[in-house]
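Taking this note's numbering, I'd label the letters of the sequence shown as residues 465 to 1013.
Quick reminder that beta carbons are idealized off the backbone N, C-alpha and C, glycines included.
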Amino acid sequence: MNIRTVLAGALLSASAIVGAAASEDGHGGASLDRELRAYIAEHHLTGDAIDSRKLPIPPLSDPLPRLGKLLFWSKGMSPGKDVACVTCHHPMLGFGDALPLPVGVGANNPNLLGPGRKRVDKPGTFPPFGTGDSAMPRNSPTLIGLAFWDQSITWDGTVFSTTGTPGMSGVDGRIVAPVDSPPVRGMFNNFMLPRQEYISYEEKFKAGMPISSGHGMFPTAVNAAMRGKAYGGVGSPQTPGATDLEVRQKLAARFGGYGDPNEQFAKNEWLPLFRAGFKDYQSPPEQLVTANNISIALADYERTMTFTRTPWRAYVRGDSHAISESAKRGARLFFATVEQGGANCASCHSGDFFTDEKYWVLAVPQIGRGKTDLNTIEDGIDDWGRAHVTGHRDDKYAYRTPTLLGVEVTAPFGHSGVYNTLEDIVRHHLNVERAVASFDYKTIPATGGPINSKFAKDHTQNALDMLRSQREDKMPGVIRDVELTDGQVADILSFLKSLTDPCLKNNKCLAQWIPNASDPDPDGLRLCAVDQRGREFLPGSCRRSNAGR
465 MNIRTVLAGA LLSASAIVGA AASEDGHGGA SLDRELRAYI AEHHLTGDAI
515 DSRKLPIPPL SDPLPRLGKL LFWSKGMSPG KDVACVTCHH PMLGFGDALP
565 LPVGVGANNP NLLGPGRKRV DKPGTFPPFG TGDSAMPRNS PTLIGLAFWD
615 QSITWDGTVF STTGTPGMSG VDGRIVAPVD SPPVRGMFNN FMLPRQEYIS
665 YEEKFKAGMP ISSGHGMFPT AVNAAMRGKA YGGVGSPQTP GATDLEVRQK
715 LAARFGGYGD PNEQFAKNEW LPLFRAGFKD YQSPPEQLVT ANNISIALAD
765 YERTMTFTRT PWRAYVRGDS HAISESAKRG ARLFFATVEQ GGANCASCHS
815 GDFFTDEKYW VLAVPQIGRG KTDLNTIEDG IDDWGRAHVT GHRDDKYAYR
865 TPTLLGVEVT APFGHSGVYN TLEDIVRHHL NVERAVASFD YKTIPATGGP
915 INSKFAKDHT QNALDMLRSQ REDKMPGVIR DVELTDGQVA DILSFLKSLT
965 DPCLKNNKCL AQWIPNASDP DPDGLRLCAV DQRGREFLPG SCRRSNAGR
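What follows is the structure, given as structure tokens:
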């Protein structure tokens, strides 16, 4: 059966979509099921992105992800011992931080996560307040489904694979990190990195590392995220002082109990955990507790965050009652092209992981510091998107298509986190120019630092101009306007909510990813996460020695 023929006949108009699916005699529902199942068969969907994995997902109970879990929650991962990986990726905040722009170093309360987390604003604060920008450039992406990325991670693909082989998470190739210093000889690097510092690939990375390991590896050396002023971190791009690699190596020496005596933890019980995690009981700490092994352990923990047991999965596997009629109508709108009366969402949000892993211009309002490679105040806080990595002007303002697994719990939305609701970001996709014209920049909280209000509209207009140019050039795949009724938008939202694993809304279930009071605290630096009222996110999970510290 040809799905295009099926959908072309069924999706004659927007009113036909709603009318057929809402018929009271039940025939519309049965017809809708047939159409969706034809699409599912045509596109070989299984409902579960795990099925495409050739690199196995480790059980959370294994020693290596357990080690990664403890590292993830340790403030020892930051040079100043005030930021942990979980600071921006808490399980109960959709594995993000529920903020438009993250607040990394310099928070007035390092343990306060999510809404209410603020940077200290005083002389000497670093990164500095001023120039009307926030310390961090982009919204914290969720870790949900991190194991399923094969080509790249981060909004602009700061870390990507030389192969991108489906199902392999990059382990069959090499990691490319163009903006990480020092640059690797013979690989693509950002033109701003000093060429005299070239090193070999083997000096920087370990063979067989998944691209997800870059998520635990690189933020530790980012000034505004975790590094702060440490080791000469006083600017971006890298200024004189320790390179990004050297920062990671200094942190590894601290965890391994070797190196500079002045850098050591007062308490250090990490070595036995590394030996168990890597099943290595012979190597000296200098060879075992390395920057790369820390990244691999973190990646193993983060790769367990799959959350694919969704209602949509159950529907794809044969349970026609697993999702509502509204969600089914939304699925049809989601998968159908504009010509077929749909919204064409699946042209980018494709497959069981709901992403093509490509980069597209959407002109989501730009409010943050951004990432460019220019030194003027105005252009230096613009955000060039993928072009920051590639240096190609044609890549300006393009960002990677996010997955939609668990999207319901990952607000706020967009690379700049400007949309608070799922409906807001959906409507932006339906008519970008209208959304930009009506956007109220005053709705964005400035908790992480002053919002880039002076240039925000100009930078957003730059992105919109790029989108207009792509449309005029009839660029394949470029987003197009779609007119839908309020009811149809509601149906799409129902479908998107069917992509939420119930575990993501159940704190008892999420507790598996949160250390409890009886778990080891190898350095005494575990972050005790509290909300803006001072309440523990998961009552009873913090040790007394960590509470409020």
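G832 to A862, Cα distance in whole Å? 16 Å
Taking 8 Å as the threshold (C-beta atoms), are G621 and R997 in contact? no
Ordered along the chain, which non-local residues of its own chain (more than five positions away) have a Cβ less than 7 Å from that of G544? V569, G692, A694
Of the residues F652, K668, P674, P647, which one's Cα is nearest the Cα of Y662? P647
Relative to the C-alpha of L424, which residue among E897, I956, G849, S1005 is closest? Outside the displayed range of the chain (465 to 1013) lies residue 424, so it cannot be described from this structure.
Alpha-carbon spacing of Y883 relative to F818, whole angstroms: 20 Å
For the stretch 773-791 against the stretch 564-578, do three or more pairs of beta-carbon atoms, one drawn from each stretch, fall closer than 8 Å, so that the two count as touching? no
Do A641 and F612 have their C-beta atoms closer together than 8 Å? no
Just tell me which of S958, K518, L928 has its CA closest to the CA of P674. K518
In this structure, what does DSSP give as the bridge partners for I663? V648
For A685 and N732, the rounded distance between their alpha carbons: 22 Å
Note the first and the last residue of the continuous beta strand (DSSP E) segment covering F624. 623-625
Give the DSSP-derived three-state secondary structure of E821 in the structure shown. coil
Taking the Cβ atom as the reference point for each residue, do I889 and G878 lie within a distance shorter than 8 Å? yes
V686 bridges to which residues according to DSSP? BP columns for V686 are empty, so no partner.
Just to confirm my understanding: we take I787, look at its own chain, exclude 5 residues before and 5 after, and list those with CB closer than 7 Å. What are they? P775, W776, Y779, S962
Entirely within the stretch 518-602 and at least 4 residues each: give me those alpha helix (DSSP H) ranges in chain order. 527-536
For G805, which option in P979, T949, P984 has the closest C-alpha, if you only look at C-alpha atoms? T949
Suppose you measure from the CA of C549 to the CA of E887; what does that come to, to the nearest Å? 29 Å
How would you call Q751, buried or exposed, if buried means at least 16 neighbouring beta carbons within 10 angstroms? exposed
Give the secondary structure of I617 by DSSP, where H, G and I count as helix, E and B as strand, and everything else as coil. strand
Measuring alpha carbon to alpha carbon, tell me which residue in P520, D644, L610 is nearest S676. L610
So, using beta-carbon positions, are G951 and F719 closer together than 8 Å? no
Out of C1006, G1004, V994, which one is the CA nearest neighbour of L576? V994
Just the C-alpha distance for Q615 and G634, rounded to the nearest angstrom, thanks. 7 Å
Per DSSP, cross-strand counterpart(s) of V994: L576, E1000
Near V825, which residues of its chain fall below 7 Å by C-beta distance, leaving aside the five closest residues on each side in sequence? Y861, A862, A927, M930, L931, Q934
Would you check if the stretch 740-751 and the stretch 500-511 touch, i.e. whether three or more CB-CB distances between them fall below 8 Å? no
Residues of its chain near L557, where Cβ-Cβ distance is below 6 Å and the 5 sequence neighbours each way are ignored: G578
Name, in chain order, the residues that DSSP records as bridge partners for I608. BP columns for I608 are empty, so no partner.
Could you check how far apart the C-beta atoms of T707 and S645 are, in whole angstroms? I think they sit under 8 Å. 4 Å
Report the rounded CA-to-CA distance for D816 versus D965, giving the unit in angstroms. 14 Å
Looking at C-alpha atoms only, which residue of W619, C967, K938, N572 is the closest neighbour of P866? W619
Between Y765 and L524, what straight-line distance do the alpha-carbon atoms span, to the nearest angstrom? 7 Å
Within 10 angstroms of the Cβ of K582, are there 16 or more other Cβ atoms? Answer buried if so, exposed if not. buried
Confirm, please, whether the CB-CB distance from V853 to L960 is below 8 Å. no
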